[in-house]
Amino acid sequence: MNYMGLLWRYVNLLSLDVVFGAMAGQLFFADVLGVDLPVQSYLLLGMVVWILYTFDHLWDARKVSHQAHGDRHLFHQRYFKALLFSLLAITLSGLLMMTFDKRLHFIFLPGIWLGLPMLFWMGVLRIFEHRLGWLKEVSTGLFYVLGIALAPMVLHSPNYYPSAFYLLGAGYFLLACINLFVLSYMDQKTDNLDGFGSLLQLISRNQLLGLIRWSGMINAFYLGFLLFQQPSYYKIHAGVLLLITLYHLQLSWQKDARLIRQKLEASFLLPWVLLVF
Numbered sequence: 055m056n057y058m059g060l061l062w063r064y065v066n067l068l069s070l071d072v073v074f075g076a077m078a079g080q081l082f083f084a085d086v087l088g089v090d091l092p093v094q095s096y097l098l099l100g101m102v103v104w105i106l107y108t109f110d111h112l113w114d115a116r117k118v119s120h121q122a123h124g125d126r127h128l129f130h131q132r133y134f135k136a137l138l139f140s141l142l143a144i145t146l147s148g149l150l151m152m153t154f155d156k157r158l159h160f161i162f163l164p165g166i167w168l169g170l171p172m173l174f175w176m177g178v179l180r181i182f183e184h185r186l187g188w189l190k191e192v193s194t195g196l197f198y199v200l201g202i203a204l205a206p207m208v209l210h211s212p213n214y215y216p217s218a219f220y221l222l223g224a225g226y227f228l229l230a231c232i233n234l235f236v237l238s239y240m241d242q243k244t245d246n247l248d249g250f251g252s253l254l255q256l257i258s259r260n261q262l263l264g265l266i267r268w269s270g271m272i273n274a275f276y277l278g279f280l281l282f283q284q285p286s287y288y289k290i291h292a293g294v295l296l297l298i299t300l301y302h303l304q305l306s307w308q309k310d311a312r313l314i315r316q317k318l319e320a321s322f323l324l325p326w327v328l329l330v331f
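Numbering (this note's numbering), first residue to last: 55 to 331.
Laid out in structure tokens, this is it:
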């Protein structure tokens, strides 16, 4: 494995690609709504996303009594103490930022209003994983999109959001769900061996693959429609989501699970191109 490939593998195992993808998503919605977010807002979002993902992976790693079969959970088992220490340190740093940086005070109460229901629902899914595990992908996709759109929504006038915000938000939500469906499809074997729930508790593997491809095609047609129907300012936004959706569709025909995961998460970095437009 070359050095860049090895580096990206650790970026993926540490969920840093998800972090940068979430920050790119926040930029996406800030651009759609025409608001300028402070740099600290992007940093705080990245910290929150990393905390949530790492906590989830550490919880899973501790829950598995044997050596985990999935690369990500095995990595978190091996480096549990170091990652736990990092989790606590970054959590403390985030709290200090929220407390002392006045530029972040605007997001404090809205963050609580979103965070509490999200944490409650995550707890419910944990407790009733074998009954409600099939809801994980859709609910995770919903909270993900709400999370990355929250700061732009708060800074924008709360009395009016352009229709493009809702239309593009729906496309982003479906894209996030497709991404999670693909990951569940790829991780079926290791999830079963390690006792984790997913949508595959409700439908078969072939049905999930069909859902991925049909959802991808529906979202591609939907975003293609938006690309021509929306005013010129929003065409770049529809185009970005369309490219990511088509990339997901193309990857659904490939077999190498490890590379697919890395490529899927990397595709969510594409909204950073908005910085040059």
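A virtual CB, placed ideally from N, CA and C, is assigned to each residue, including glycine. As the structure is a prediction and not an experimental result, all values here were calculated from the model.
In the displayed model, Q261 falls within a helix according to three-state DSSP. Between S238 and L262, the C-beta spacing is below 9 Å. Using a 10 angstroms sphere on the CB of L146, the tally of other CB atoms stays under 16, which defines it as exposed.
Around the beta-carbon of A84, 16 or more other beta-carbon atoms lie within 10 Å, marking it buried.
In the DSSP assignment, K289 falls within the unbroken alpha helix (DSSP H) covering 286-305.
If you draw a straight line from the Cα of L323 to the Cα of Q242, it is about 26 Å long.
Judged by DSSP in its simplified three-state form, A143 adopts helix.
Proximity to S69 across D125, Q94, F82 peaks at D125, based on C-alpha coordinates. A straight-line Cα-Cα distance of about 37 Å links K135 and V208. Sixteen is the threshold: since fewer than 16 other Cβ atoms of the shown chains lie within 10 Å of the Cβ of F174, the residue is exposed. Our two residues, K317 and G195, have alpha carbons roughly 18 Å apart in a direct line. For Y57, the uninterrupted alpha helix (DSSP H) run begins and ends at 57-67, by DSSP.
In this structure, the beta-carbon distance from I290 to L228 does not fall below 9 Å.
Secondary structure at F322: coil, using DSSP grouped into helix, strand and coil.
Taking each of I257, V330, L221 in turn and checking the Cα distance to L295, the smallest one comes out for L221. Of the residues W62, A230, K156, L253, the one whose Cα lies closest to the Cα of Y301 is A230.
Using a Cβ distance threshold of 9 Å, F154 and L328 do not count as a contacting pair. Within the same chain, and ignoring the five residues on either side of L138 in sequence, the residues whose Cβ sits closer than 7 Å to its Cβ are L112. Spatial neighbours of L277 in its own chain (CB-CB distance under 7 Å, excluding positions within 5 residues in sequence) are listed in chain order as G225, A292, L295, L296, T299. In this structure M152 is in contact with F162, their Cβ atoms being roughly 6 Å apart against a cut-off of 8 Å. Q121 and L303 have their C-alpha atoms spaced approximately 32 Å apart. In terms of CA proximity to V330, A78 leads the group A78, L61, L204, F74. In this model, G165 and I202 are separated by some 11 Å (Cα to Cα). When the Cα atoms are used, E191 and F235 turn out to be separated by approximately 7 Å.
Per DSSP, the continuous alpha helix (DSSP H) segment holding L237 begins and ends at 217-240. For the pair R259 and N56, the Cα-to-Cα distance works out to about 33 Å.
Under the three-state reduction of DSSP, L168 is assigned to helix.
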